[in-house]
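Chains as they are written, first to last, in our numbering: chain A, 1 to 484; chain B, 1 to 172.
Cβ atoms here follow ideal geometry from the backbone N, Cα and C, with glycine treated the same way.
Data block below; observations after.
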Amino acid sequence: MTNLSLGSRIHLLAGGAFILYAAFAALGFRAAGPDGWMITLMALSVVVFMLLLYTLHRVQVALARITARIQDAAAGNLEGRITRIKKGAATEATAWALNDLLDQVEAYFRETNAAFEHAQKGHTYRKAMTAGLHGAFRRSLDRVNVSVEAMAESQRLEQKERLLARVGELSAVNLVKNLKDIQDFLISQNRDMKVVANLSRETAQEADASTAGIQAIVADLNRVIDLIASTHGQITAIHEKSTEIQQIIQVITEVADKTNLLALNAAIEAAHAGDAGKGFAVVAEEVRTLSENTKDAAASIAASIGAFGQATTRMMDDAGHMKEIADTSRSAITEFAGQFQRFSESARTSLAQVSKAQDVTFASLVKVDHFVFKQNGYRVLQAGLDSPEAQASKVDHHGCRLGQWYEQGEGRQAFGQLACFGQLEAPHARVHQDIHEAMGLLAGPWATDPELQERILAAFQGAERASDQVMDALDCMVGERHQG
Amino acid sequence: MSRPMPTQNERVLKDEDFIVSKTDLRGIITYGNRVFIGISGYEESELLGAPHSILRHPDMPRTVFKLLWDAVQGGREINAYVKNLAKDGSFYWVFANITPSFDARGALSGYYSVRRKPKTEAIQAASGLYRALLEAERKAGGGQEGMKASKGLLDRTLQEKGVSYDEFVLGI
Chain A
1 MTNLSLGSRI HLLAGGAFIL YAAFAALGFR AAGPDGWMIT LMALSVVVFM LLLYTLHRVQ
61 VALARITARI QDAAAGNLEG RITRIKKGAA TEATAWALND LLDQVEAYFR ETNAAFEHAQ
121 KGHTYRKAMT AGLHGAFRRS LDRVNVSVEA MAESQRLEQK ERLLARVGEL SAVNLVKNLK
181 DIQDFLISQN RDMKVVANLS RETAQEADAS TAGIQAIVAD LNRVIDLIAS THGQITAIHE
241 KSTEIQQIIQ VITEVADKTN LLALNAAIEA AHAGDAGKGF AVVAEEVRTL SENTKDAAAS
301 IAASIGAFGQ ATTRMMDDAG HMKEIADTSR SAITEFAGQF QRFSESARTS LAQVSKAQDV
361 TFASLVKVDH FVFKQNGYRV LQAGLDSPEA QASKVDHHGC RLGQWYEQGE GRQAFGQLAC
421 FGQLEAPHAR VHQDIHEAMG LLAGPWATDP ELQERILAAF QGAERASDQV MDALDCMVGE
481 RHQG
Chain B
1 MSRPMPTQNE RVLKDEDFIV SKTDLRGIIT YGNRVFIGIS GYEESELLGA PHSILRHPDM
61 PRTVFKLLWD AVQGGREINA YVKNLAKDGS FYWVFANITP SFDARGALSG YYSVRRKPKT
121 EAIQAASGLY RALLEAERKA GGGQEGMKAS KGLLDRTLQE KGVSYDEFVL GI
């Protein structure tokens with residue numbers, strides 16, 4: 001009996017009651033005989049029973065409709081409703097109550113869907129409408145609206161972030177590219193600077209070596225100039241002597257003239273003396289001839305001395321010219337020697353400047369290397385751990401250009417003894433360690449783990465701080481080496 | 001069924017109620033909840049099988065209904081302030097949200113409308129706009145020309161406000 005459905009049970013009970021009533025009526029007929037009243041009552045009972053069964057059937061049909069709608073709803077189909085509900089029927093209230101429930105549920109779902117759909121499109125003006133919904137439906141929609149607002153807000157932020165990220169990515173990619181250009185430029189610049197520095201060094205050395213040679217030449221030239229000056233003096237003295245000789249010859253000529261006159265007078269006087277004077281006349285003649293000869297000799301000496309005088313005059317003129325030239329040369333040579341001295345000094349100065357510029361260039365190159373290294377680290381966030389950037393981030397502080405330079409390269413030779421040199425290694429190692437740490441953390445589920453994100457950020461911040469110290473140490477080294 | 005004569009009698013929805021009705025693709029009513037039956041004044045049996053347009057009030061511009069139909073036939077939800085006509089000639093304002101229903105295969109199967117009590121200031125804004133649209137329809141001589149005229153006026157109004165229809169209707 002308990003296994004039967006409600007409808008079957010009602011039918012069974014009604015049927016049983018009808019059979020019992022029929023049996024009771026049959027027993028009455030047998031005891032009292034047929035009676036008109038009893039037959040009428042019997043017929044009425046049958047009609048009432050039929051009506052009862054029909055009503056029960058109607059209730060069953062209505063319940064089946066209600067059950068079907070509830071089953072539909074349980075299966076997720078909220079569309080169906082119960083319509084053509086009889087007024088005053090036993091199931092009227094139940095049917096409308098079910099319709100109301102389905103209206104609430106369907107409106108709730110449609111509102112929820114509409115709100116989320118619009119929020120996804122960024123339409124925040126379309127909220128879930130709560131009016132007409134009751135109790136838990138309404139409270140839930142209020143919460144939906146709060147989350148839709150939060151969703152829209154995070155979507156706005158996300159859109160903003162997306163643009164920022166894309167622009168950042170663009171800038172980062174170009175930054176590394178530009179830094180690499182600068183790196184290439186600095187590498188070639190550094191190479192050129194090395195050539196220029198070597199040339200300057202050679203020039204300065206050669207200038208130093210030449211200075212001694214120049215000084216020797218200047219000394220020699222000065223000696224020649226002195227000799228020329230002394231020659232000029234001697235020639236002047238000779239010239240003066242020849243003038244004196246001409247004066248003496250003049251005196252001799254005058255003496256000879258006077259002697260000739262005296263001899264002539266003596267000859268006259270001898271003629272006056274006659275024969276006694278003959279011998280004297282001969283002597284006088286001899287004296288006269290002698291004076292003539294003397295005069296001739298003096299004239300020819302005078303001619304020679306004249307020629308000599310002309311020669312010495314020319315020599316004196318020439319020597320004067322030579323002296324002038326020598327004096328001019330001396331000032332030119334002095335000036336040249338001074339110029340050469342200055343040239344040598346400026347060669348030394350430019351050597352110092354060039355070698356400072358070379359160091360500054362190298363320091364800049366190393367700085368750019370570190371910018372690139374850090375940028376590659378940052379780029380791994382976007383490009384992933386298999387990217388060339390991640391590969392480039394693996395270099396340690398011994399293997400990078402700066403490490404090689406100060407550990408084994410010319411850096412140790414040129415800068416090793418400086419105080420600032422010691423400040424370089426620790427922060428440099430930190431830069432590489434922190435970037436490596438960030439790379440290690442990036443292998444984890446950082447996109448969804450805020451704590452991991454904090455640690456990655458901290459590692460990058462550590463690298464930045466250490467990098468600043470590396471830059472300071474490089475500037476300090478260059479400054480220390482080239483101070484003054 | 002002859003159209004009721006409109007009167008100035010207003011019926012008002014309760015804050016906590018909403019009207020729910022469903023129609024098939026042609027706009028024939030397939031379901032109405034008790035609030036609908038109560039406010040419209042029709043019996044359930046009168047509503048079922050009748051076109052939804054029996055509730056259409058003569059103060060409503062036709063272009064609004066065109067807007068509604070275009071949206072739901074395109075599978076989109078639509079919201080509108082609507083002045084409805086009850087069986088006894090009374091009117092009642094609703095804020096209607098109409099959404100398309102889809103069957104299990106995803107094909108349009110009917111329309112579902114929830115109508116809520118509108119805010120007083122929204123009724124004022126909507127009735128002002130509708131008067132202007134109706135006037136435009138009348139001036140253009142009704143028909144297709146009238147629809148074009150009132151649609152043009154609606155578009156211009158929205159353009160002046162710099163909002164979409166949805167933004168406008170949900171914002172008032």
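**Message:** So B:A96 and B:G41 are supposed to be a Cβ contact under 8 Å. How far apart are they, rounded?
**Reply:** Not a contact, Cβ separation roughly 18 Å.
**Prompt:** Just how far apart, CA to CA, sit A:A466 and A:L365?
**Reply:** 17 Å
**Asked** Under a three-way DSSP split, which group does B:E173 fall into?
**Response** In this structure chain B extends from 1 to 172, so residue 173 of chain B is not present and cannot be described.
**Request:** Report back the beta-carbon spacing between A:G7 and A:Q71 to the nearest angstrom; my notes put them in contact at under 8 Å.
**Result:** Actually they are not in contact, since the Cβ atoms of A:G7 and A:Q71 sit about 17 Å apart, beyond 8 Å.
**Item:** Residue from A:S346, A:S230, A:I305 with nearest C-alpha to A:H239
**Value:** A:I305
**Asked** From A:N174, A:Q353, A:N222, pick the residue whose C-alpha is nearest to that of A:A204; which is it?
**Response** A:Q353
**Prompt:** Going along the chain, which residues of the segment 52-69 of chain A sit with their C-beta nearer than 9 Å to a C-beta in chain B?
**Reply:** none
**Prompt:** Would A:Q183 be called buried (16 or more neighbouring beta carbons within 10 Å of its own) or exposed?
**Reply:** buried
**Request:** May I ask you to list, following chain order, the residues of the segment 31-51 of chain B that have a beta carbon less than 8 Å from some beta carbon of chain A?
**Result:** Y31, N33, R34, E44, S45, L48
**Message:** Determine, for B:D17, whether the minimum Cβ-Cβ distance to residues of chain A falls below 7 Å.
**Reply:** yes
**Message:** If you reduce the DSSP assignment to three classes, tell me which class A:Y125 lands in.
**Reply:** coil
**Request:** Please report how far the alpha carbon of B:L67 lies from the alpha carbon of A:A114, in whole angstroms.
**Result:** 18 Å
**Prompt:** Among residues of its own chain, excluding the 5 on either side of B:R156, which ones have a beta-carbon nearer than 7 Å to its beta-carbon?
**Reply:** none
**Request:** Determine, using beta-carbon pairs with one atom in the segment 122-137 of chain A and one in the segment 113-125 of chain B, whether at least three such pairs fall under 8 Å.
**Result:** yes
**Request:** Using alpha carbons as the reference points, say which of A:G320, A:E111, A:F373 lies closest to A:A229.
**Result:** A:G320
**3 or more residues per run - each beta strand (DSSP E) lying fully within the segment 64-92 of chain B** = 78-85
**Request:** List the whole-angstrom C-beta distance separating A:A267 from A:E285, where the pair is believed to meet the contact cut-off of C-beta under 8 Å.
**Result:** 6 Å
**Message:** On a Cα-Cα basis, can you pick out the residue from A:E464, A:R330, A:V431, A:C476 that is closest to A:D220?
**Reply:** A:R330
**Rounded Cβ spacing between B:P4 and B:D88 (contact assumed at less than 8 Å)** = 6 Å
**Message:** Here's the rule: buried if 16 or more other CB atoms are within 10 angstroms of the residue's CB, otherwise exposed. What is A:H272?
**Reply:** exposed
**Message:** Taking 6 Å as the cut-off, is the C-beta of B:E145 nearer than that to any heavy atom in the ligand SAH?
**Reply:** This structure lacks the ligand SAH, and indeed carries no ligand of any kind.
**Message:** Please give me, in chain order, every unbroken run of the alpha helix (DSSP H) with length at least 4 that falls completely inside the segment 349-418 of chain A.
**Reply:** 388-392, 401-407, 410-415
**Item:** Whole-number beta carbon distance between A:A459 and A:A443, since they are thought to touch under 8 Å
**Value:** At roughly 13 Å, the Cβ-Cβ gap does not stay under 8 Å, so A:A443 and A:A459 are not in contact.
**Request:** Leaving out five residues on either side along the sequence, give the residues of the same chain with a beta carbon under 7 Å from the beta carbon of A:T361.
**Result:** L186, Q189, N190, M193
**Request:** Please go through the same chain and pick out, in chain order, the residues whose beta-carbon is closer than 6 Å to the beta-carbon of A:A392, but skip the five residues on each side of it.
**Result:** N376
**Request:** With a threshold of 16 other CB atoms inside 10 Å of the CB of B:E137, please say whether the residue is buried or exposed.
**Result:** buried
**Prompt:** Under the DSSP definition of a beta bridge, which residues are partnered with B:V20?
**Reply:** B:V114
**Item:** Residues bridged to B:R56 (per DSSP)
**Value:** B:N84
**Asked** What are the start and end residues of the alpha helix (DSSP H) that includes B:Y165?
**Response** 165-171
**Request:** Name the residue from A:S344, A:K180, A:K323, A:D468 whose alpha carbon lies nearest to the alpha carbon of A:S210.
**Result:** A:S344
**Prompt:** What are the boundary residues of the alpha helix (DSSP H) that A:T91 is part of?
**Reply:** Careful: A:T91 lies outside any alpha helix (DSSP H) and carries neither H nor E.
**Segment limits, beta strand (DSSP E) that includes B:Y31** = 29-32
**Message:** Is A:T83 close to chain B? Criterion is C-beta to C-beta, closer than 7 Å.
**Reply:** yes
**Request:** Report yes if the C-beta distance between B:A125 and B:I172 is below 7 Å; otherwise report no.
**Result:** yes
**Asked** Tell me which same chain residues have a C-beta within less than 6 Å of the C-beta of A:A363, skipping the five on either side of it?
**Response** L474, V478
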